[in-house]
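S.K.:
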Amino acid sequence: MMYSVYVVADAEEDIFEIYRYVATHDIPGKAETLFQNLKETIFSLTAQPVRGHVPPELERLKVFDFLEIHYKPYRIIYQIIEIDVFVHGVFGGRRNLQDILQQRLLRV
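What follows is the structure, encoded as structure tokens:
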């Protein structure tokens, strides 16, 4: 079965911020390559989105509705609802996700 993948506004902003940072701090063209690879990874969720795992930050809170996959140091956080996959965030591995995930996903 194929799933539909939707990137919510917060995740779009995350991707834009990553792109902008890499474009200004790294070699030219790397940001575009990174963007394409993130996009491919995100849309690979159309097949077998259950392959992800619950982020440890949410597991500690006993929240099991969200999963994550990785592309290099980036964490892609998403939720499966029936045949739809909603990408809620794309984060660098160094960020403290506990607060971000609580605010963004749980709206605390």
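So the sequence shown is numbered by this note's numbering: it starts at -15 and just counts up by one. For glycine and all other residues, C-beta sits at the position ideal for the given N, C-alpha and C. These figures come from a predicted structure and were not determined experimentally.
If you run the structure through DSSP and keep just helix, strand and coil, what is R4?
M.R.: Reading the sequence shown from its first residue, position 20 is the one you call residue 4. In this structure, R4 counts as helix in the three-state DSSP scheme.
S.K.: Taking the beta carbon of E(-4) as the centre, do at least 16 other beta carbons fall within 10 Å, making it buried, or is it exposed?
M.R.: As a first step, residue -4 is located in the sequence shown; it is residue number 12 there, counting from the start. So E(-4) counts as exposed.
S.K.: Short of 7 Å in beta carbon distance, which residues of its chain neighbour V(-9), apart from the five on each side in sequence? Order them along the chain.
M.R.: By one-based count along the sequence shown, residue -9 stands at place 7. Excluding residues within five positions, the ones whose Cβ falls inside 7 Å are I26, V71.
S.K.: Tell me where the alpha helix (DSSP H) around E41 begins and ends.
M.R.: In the sequence shown, counting from the first residue as 1, residue 41 sits at position 57. Unbroken alpha helix (DSSP H) run through E41: 40 to 43.
S.K.: Here's the rule: buried if 16 or more other CB atoms are within 10 angstroms of the residue's CB, otherwise exposed. What is F130?
M.R.: No statement about residue 130 is possible, as the shown extent of the chain runs from -15 to 92 and does not include it.
S.K.: Just the Cα atoms here: how many angstroms apart are A(-7) and Y62?
M.R.: Your numbering for residue -7 matches position 9 in the sequence shown. Your numbering for residue 62 matches position 78 in the sequence shown. Rounded to whole angstroms, A(-7) to Y62 spans 13 Å at the Cα level.
S.K.: Give a yes or no on contact between the stretch 3 to 14 and the stretch 38 to 47, applying the rule of three or more CB pairs nearer than 8 Å.
M.R.: In short, these stretches do not touch, since the Cβ pair count stays below three.
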